[in-house]
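Numbering (this note's numbering), first residue to last: 669 to 1155.
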């Protein structure tokens, strides 16, 4: 394979209608002449603590909120269309009003929201139909697809390059990597988080274990002790149902902690060599299942159910977005509140996956006049940046209300943030995990490969196929999708 940039996906040309149809087939979707898109793939859960309801057969239209109306004789208010997935819409509307007040009423935004389960496919349908917002929520695993199609545009195509660079230079590297395609930055963080490894300290104390697990073998050995002493029937558990898109991120984080993720810098599989990190991972899971250390329901349940098992105290180990630990540690619904500890991932490198959800800019804003672009930068600076008063108004609001992770590195030194995060974890440990977290390598065909791989991993875990056969099938699927996409 020819070398490519780590975050580049071929082809480099702009996508034609024919390319789009090919891409739709790769993603398992259908485009009609009206641009309607039907899909069967669930996408990764948003920051909300409960899952979105199932998507209907036909994507529902976004629900807009009325924009501000200028007074008679006043200068026209510049209105931006802003689309989000449905999560705490009321707060977002309040942030828009705060931004409008801060800019003196010159700019406002018309808010639309779409259920998470429908978000990707509804937006693609809207893109194809030429109906798009100016600014929108984007997930890192959609960036390659949407940017290569020309629907999202690089920030520097719309906003002053020096201003973009100034704001971006203070972000965590994994967040920047997750918002970068073909060496260009496409967004600024809405929230960002590493995948965290968490264990129950009460279980460890009762088992007489006085040190953190350093390796995945340590996890197995400690789990054996905990099980033998009757503290937990299944110390190990995950939310790895085939319908749980977050599962592939947890697996990727586990591979990274062993030294390699699924793909190298050329986007070639890393797992075809003997004793690859993927082979080690599969054999580790099989051992945990075979010895009765891992709850077999892990392969049928989602991440919410996994978190409930942790909070109920029937499970010792859990992996989730790091800031998700706040609910486990402080919720009145958690029987184990105060008993959880976040540590670097076990493994040779102790690294983990970091992911980002961000504010992206569409070609609609790029094609508007300079006044609209100035409104767009004002919006980005208020929502993703320090705002006019330097107090990070929206970023810190999300920290206060939901404990969400963030992109700006400097906020780990903010006294209020340290106090809030300190209620549920060691802030210095969390900061170090975030500093060393890595973004995964993503391509436009990754979503289709992801769905296949989740199912194939389950077959390997359960012994329905050999480890070697599963690894070959996963690699073959990647290469097949790559060839179909690249043509």
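Glycine included, each C-beta is placed from N, C-alpha and C at the ideal position.
Would a C-beta distance cut-off of 8 angstroms place residue i and residue j closer than the cut-off?
i	j	result
residue 1022	residue 1105	yes
residue 946	residue 923	yes
residue 1076	residue 846	no
residue 1079	residue 1060	yes
residue 1020	residue 863	yes
residue 854	residue 820	yes
residue 801	residue 747	no
residue 1086	residue 910	no
residue 866	residue 1064	no
residue 1015	residue 1111	no
residue 990	residue 861	yes
residue 782	residue 810	no
residue 921	residue 1013	yes
residue 842	residue 1073	no
residue 916	residue 1118	yes
residue 1125	residue 918	no
residue 1017	residue 907	no
residue 1050	residue 770	yes
residue 780	residue 749	yes
Tell me, which residues are paired with residue i by DSSP?
i	result
residue 805	1027
residue 853	848
residue 1048	Bridge partners of residue 1048: none, in fact.
residue 777	748
residue 861	1023
residue 987	865
residue 942	DSSP output for residue 942 lists no bridge partner at all.
residue 753	782
residue 904	962 and 985
residue 931	937
residue 1076	839
residue 820	1030
Going by other Cβ atoms of all chains shown within 10 Å of its Cβ, with 16 needed for buried, is residue i buried or exposed?
i	result
residue 1109	buried
residue 1132	exposed
residue 1000	exposed
residue 896	exposed
residue 1055	buried
residue 1041	buried
residue 834	exposed
residue 1032	buried
residue 1052	buried
residue 1130	exposed
residue 940	exposed
residue 816	buried
residue 1144	exposed
residue 1146	buried
residue 694	Any answer about residue 694 is weak, because its pLDDT of 45 lies below 50 and its placement is not dependable; what the coordinates show is given next. Buried: at least 16 other Cβ atoms inside 10 Å.
residue 929	buried
residue 1150	buried
residue 1057	exposed
residue 980	exposed
residue 812	buried
residue 1136	exposed
residue 1083	exposed
residue 983	buried
residue 1038	exposed
What span of residues does the beta strand (DSSP E) with residue i cover, start to end?
i	result
residue 1096	No beta strand (DSSP E) holds residue 1096; the alpha helix (DSSP H) holding it covers 1095-1104.
residue 1009	1008-1011
Taking 7 angstroms as the line, does the beta carbon of residue i fall inside it for any heavy atom of the ligand SAH?
i	result
residue 757	The model depicted lacks the ligand SAH and carries no ligand whatsoever.
Check for me: the alpha helix (DSSP H) holding residue i runs from which residue to which?
i	result
residue 1017	Careful: residue 1017 lies outside any alpha helix (DSSP H) and carries neither H nor E.
residue 839	Residue 839 -> no alpha helix (DSSP H), and no H or E assigned at all.
residue 770	757-770
residue 1146	1135-1154
residue 923	914-926
residue 1116	1114-1129
residue 1107	It is not in any alpha helix (DSSP H) - residue 1107 carries neither H nor E in the DSSP assignment.
residue 1086	1083-1089
residue 630	Given a span of 669 to 1155 for the chain in the structure shown, any question on residue 630 remains unanswerable.
residue 968	It is not in any alpha helix (DSSP H) - residue 968 carries neither H nor E in the DSSP assignment.
residue 885	884-896
residue 1168	Residue numbering for the chain in the displayed model covers 669 to 1155; residue 1168 lies beyond these limits and cannot be assessed.
If we cut at 8 angstroms on Cβ distances, does residue i have a partner in chain B?
i	result
residue 1099	Checking the listed chains, one finds no chain B in this structure; it contains a single protein chain.
*Below 8 angstroms, can you find three or more Cβ-Cβ pairs linking the region 1044-1053 to the region 768-779?*
yes
*asked:* Closer than 8 angstroms is the cut-off here; do at least three beta carbon pairs connect the region 1013-1028 with the region 795-811?
replied: yes
*How about the region 1056-1070 and the region 971-978: do they share at least three Cβ pairs that are nearer than 8 angstroms?*
no
*Can you find at least 3 beta carbon pairs, one from the region 897-911 and one from the region 866-882, that sit closer than 8 angstroms?*
Short answer: they touch.
*Evaluate the contact criterion for the region 785-795 versus the region 757-770: three or more CB pairs, one atom per stretch, below 8 angstroms.*
With a cut-off of 8 angstroms on Cβ pairs, the region 785-795 is not in contact with the region 757-770, counting fewer than three such pairs.
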